[in-house]
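Residue numbers for the sequence shown follow UniProt numbering, beginning at 1 and rising by one. Beneath this line is the structure, given in structure tokens, with notes to follow.
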Amino acid sequence: ASMIIAFILLGRLLEERAKQNTSTAIKKLIGLQPKTVTIITESGERTVPIEKARIGDIIAVKPGERIAVDGTVTIGES
1 ASMIIAFILL GRLLEERAKQ NTSTAIKKLI GLQPKTVTII TESGERTVPI EKARIGDIIA
61 VKPGERIAVD GTVTIGES
């Protein structure tokens, strides 16, 4: 009976450790997401918080930048 309890406790420990590792990995991925986006308007480029980006906006992505939103490449290469 003590072996069964030991296996159950070991299983719970391993499960908790796996949950912590997953949570840490997700937090790191969220931290990689850009906070701002450069929108091209008639008056030029302006940098705004990513929450302000809307469907139909034209976004400028410079070399080395992370792409902040989903979209289609209209000028240049991906």
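Built from N, CA and C at the ideal position, the CB exists for glycine as well.
Out of curiosity, what's the CA-to-CA distance linking residue i and residue j?
i: I55; j: M3; result: 59 Å
i: V48; j: Q33; result: 14 Å
i: F7; j: I30; result: 35 Å
i: L13; j: R46; result: 50 Å
i: T22; j: E65; result: 26 Å
i: V69; j: T41; result: 17 Å
DSSP three-state label for residue i, please.
i: E77; result: coil
i: E45; result: strand
Starting from residue i, trace the alpha helix (DSSP H) in both directions and tell me its first and last residue.
i: I59; result: Unbroken run through I59 is the beta strand (DSSP E), I58 to A60; no alpha helix (DSSP H).
i: I55; result: First-last for I55: undefined, no H or E at that position.
i: A6; result: S2 to L32
So residue i and residue j are supposed to be a Cβ contact under 8 Å. How far apart are they, rounded?
i: I39; j: A53; result: 7 Å
i: I59; j: V73; result: With a Cβ gap of about 10 Å, I59 and V73 do not count as contacting.
i: K35; j: I50; result: 6 Å
Please report whether the beta-carbon of residue i lies at a distance below 8 Å from any beta-carbon of chain B.
i: A18; result: Protein chain content of the structure displayed is limited to a single chain, and chain B is not contained in it.
So what does residue i bridge to, in DSSP terms?
i: I39; result: R46 and I59
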